[in-house]
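What follows is a set of notes on a single structure, which appears directly below.
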Amino acid sequence: MNTNYTRDRDGHKATTLVDLGNQRELQITTSKSSSGPLTTRASVHQIEGNTRRHILGFGGIRGDFSKQIICSFPARVTANAVREQHERCLVQLDEIKQAIQAHYEAQAAANA
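So in numbering that gives the first Met the number 0 the end of the sequence shown lands on 111, straight run, no missing numbers.
This is the structure:
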């Protein structure tokens with residue numbers, strides 16, 4: 000697990016990458032969304048050589064796993080606000096991994 004805290008033109012951001020094995024990687028990102036709230040999302044990406052691929056599923060079981068974990072409305076999106084929210088989500092890592100497993104098991108059952 001590797002976490003990076005950065006700041007760019009859009010503000011503060013935290014990103015954690017977790018190797019899930021089987022050429023899959025979990026990315027947990029906390030940042031201010033364009034509509035204002037501070038959001039933390041978890042998404043799974045397929046690793047193909049030097050490329051990361053994420054297939055959108057539009058809310059169903061199709062595509063790769065993607066879920067909003069927390070959405071909050073702090074008065075200001077500071078580095079500390081981003082860090083605190085991101086770390087709250089990392090505590091939920093086991094539950095997120097269980098949701099990922101359930102997502103891909105549902106896909107396999109639907110395709111069987």
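Note that beta-carbon positions come from the ideal geometry of N, C-alpha and C, so glycine has one too.
Are residue i and residue j closer than 8 Å when you measure CB to CB?
{"i": "Arg-87", "j": "Ser-65", "result": "no"}
{"i": "Gln-67", "j": "Thr-28", "result": "no"}
{"i": "Gln-26", "j": "Leu-16", "result": "yes"}
{"i": "Arg-51", "j": "Glu-94", "result": "no"}
Around the C-beta of residue i, are 16 or more other C-beta atoms found within 10 angstroms, so that it is buried, or is it exposed?
{"i": "Ser-30", "result": "buried"}
{"i": "Gln-84", "result": "buried"}
{"i": "Val-90", "result": "exposed"}
{"i": "Ala-13", "result": "buried"}
Whole angstroms is fine: what's the gap from residue i's alpha carbon to residue j's?
{"i": "Arg-6", "j": "Ala-111", "result": "44 Å"}
{"i": "Asn-49", "j": "Gln-22", "result": "11 Å"}
{"i": "His-102", "j": "Cys-70", "result": "21 Å"}
{"i": "Thr-2", "j": "Arg-82", "result": "10 Å"}
{"i": "Leu-92", "j": "Ala-98", "result": "10 Å"}
{"i": "Lys-96", "j": "Arg-8", "result": "31 Å"}
{"i": "Ala-80", "j": "Ser-42", "result": "21 Å"}
{"i": "Ser-34", "j": "Met-0", "result": "29 Å"}
Taking 8 Å as the limit between beta carbons, can you name the residues of its chain near residue i, skipping five residues before and five after?
{"i": "Ala-109", "result": "Ile-60"}
{"i": "Ala-78", "result": "Tyr-4, Arg-6 and His-11"}
{"i": "Pro-36", "result": "Cys-70, Ser-71 and Phe-72"}
{"i": "Glu-47", "result": "Gln-22"}
May I ask you to list the residues that DSSP assigns as paired with residue i?
{"i": "Val-76", "result": "In the DSSP output, where bridge partners are listed per residue, Val-76 has none listed."}
{"i": "Ile-95", "result": "None; Ile-95 has no bridge partner."}
{"i": "Asp-63", "result": "Partner(s): none; Asp-63 has no beta bridge."}
{"i": "Gln-104", "result": "It is Glu, not Gln, that sits at residue 104 in the sequence shown. Note: Glu-104 sits in no beta bridge, so no partner."}
Leaving out five residues on either side along the sequence, give the residues of the same chain with a beta carbon under 6 Å from the beta carbon of residue i.
{"i": "Gly-62", "result": "Ile-54, Leu-55 and Gly-56"}
{"i": "Gln-106", "result": "Ile-60"}
With a CB to CB cut of under 7 Å and the five nearest residues on each side skipped, what residues in its chain are close to residue i?
{"i": "Ser-32", "result": "Thr-38"}
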